[in-house]
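K.L.:
Residue 1 is where the sequence shown starts when you use this note's numbering, and the numbers rise one by one after that. Every residue gets a Cβ at the ideal spot worked out from N, C-alpha and C, and that includes glycine.
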Amino acid sequence: MKILLTAFTPFDGEKINPALEAMKLVKDRLGNLEVVK
1 MKILLTAFTP FDGEKINPAL EAMKLVKDRL GNLEVVK
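Written as structure tokens, this is what we have:
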């Protein structure tokens with residue numbers, strides 16, 4: 001089974017998007033699940 005994670009580029013003048021940074025920390029596999037980024 002696969003899980004899809006998405007995030008957007010920073011917006012509203014921000015330099016960093018916290019959701020994107022959090023997504024980068026998620027491993028490519030969570031148990032028997034494949035994480036698609």
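(1) Opposite L4 in the DSSP bridges: which residues?
(2) Using only CA atoms, which one of D12, V36 and K2 lies nearest to M23?
(3) So which of N32, K2, K15 and A19 has the shortest CA-CA distance to F8?
(4) Mind checking which residues open and close the alpha helix (DSSP H) that includes K24?
(5) Am I right that P10 and I16 are in contact with their C-beta atoms under 8 Å? What's the rounded C-beta distance?
P.N.:
Inspection of the coordinates gives the following:
(1) Within the sequence shown, residue 4 is the residue found at index 4, counting from 1. DSSP, once it has assigned bridges, lists V36 as partnering L4.
(2) The residue you call residue 23 lines up with position 23 of the sequence shown. Measuring from the Cα of M23, the nearest candidate turns out to be V36.
(3) Translated into the one-based positions of the sequence shown, residue 8 becomes position 8. Of the candidates N32, K2, K15 and A19, the one whose C-alpha sits nearest the C-alpha of F8 is A19.
(4) Within the sequence shown, numbered from 1, the residue matching residue 24 stands at position 24. Where K24 is concerned, the enclosing alpha helix (DSSP H) stretches over P18 to L25.
(5) To locate residue 10, count along the sequence shown from 1; it is residue 10. To locate residue 16, count along the sequence shown from 1; it is residue 16. Right, the Cβ-Cβ distance comes to about 6 Å (below 8 Å), so this counts as a contact.
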